[in-house]
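Notes follow the structure.
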Amino acid sequence: VQVVESGGGLVQRGGSLRLSCAASGIIMRAYGTAWYRQAPDQSREWVGNIEQSGITNYASPVKGRFTISRDDAENKVYLQMNDLQPEDTAVYHCQTRVGYSDYWGQGTQVTVSS
Numbered sequence: 081v082q083v084v085e086s087g088g089g090l091v092q093r094g095g096s097l098r099l100s101c102a103a104s105g106i107i108m109r110a111y112g113t114a115w116y117r118q119a120p121d122q123s124r125e126w127v128g129n130i131e132q133s134g135i136t137n138y139a140s141p142v143k144g145r146f147t148i149s150r151d152d153a154e155n156k157v158y159l160q161m162n163d164l165q166p167e168d169t170a171v172y173h174c175q176t177r178v179g180y181s182d183y184w185g186q187g188t189q190v191t192v193s194s
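In structure tokens form, the structure reads like this:
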């Protein structure tokens, strides 16, 4: 299983970005997928997840601004980020769990300027 994130970049405060997570070797709708982020000199933080059922959950700092969705035809999971703030600056990682194994992507950098 290989997980690859894309879509990061530099955006101004209040802007939007959409991150993509693609996993080869599995059908993503059969498993849950989570997004995490890690800012410099900080520990990894859970951002949110989408369950196999499609139910989504979000961390308090992003609730109402971020939306996780899944495109079964494209076999991808997305993280739509709106009203981005400088404190959202981090490397964003996608993680999927298959059985007892967790698979992570290399991450994509999101930088929000003030």
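Add 80 to a position in the sequence shown, counting from 1, and you land on the number used in my numbering.
Ideal Cβ placement from N, Cα and C applies to all residues, glycine included.
query: On the three-state DSSP scale, how would you describe Asp168?; result: helix
query: In chain order, what residues of the same chain have a beta carbon less than 7 Å from the beta carbon of Ser194, not counting five sequence neighbours either side?; result: Arg93 and Pro166
query: In three-state terms, what does DSSP make of Arg145?; result: coil
query: Give the DSSP-derived three-state secondary structure of Arg124 in the structure shown.; result: coil
query: Excluding five sequence neighbours on each side, which residues of the same chain lie with their C-beta closer than 6 Å to the C-beta of Leu90?; result: Thr191
query: Would you mind reading off the limits of the beta strand (DSSP E) that contains Gln160?; result: Lys156 to Met161
query: Quick check on the DSSP output: what are the complete beta strand (DSSP E) runs of length 3 or more inside the stretch 82 to 113, in order along the chain?; result: 82 to 86, 89 to 92 and 97 to 104
query: Once DSSP output is grouped into helix, strand and coil, what is the label at Asp182?; result: strand
query: Less than 7 Å between the beta carbons of Ser96 and Ser86, yes or no?; result: no
query: Among Gly88, His173 and Gln189, which one has its Cα closest to the Cα of Ala114?; result: His173
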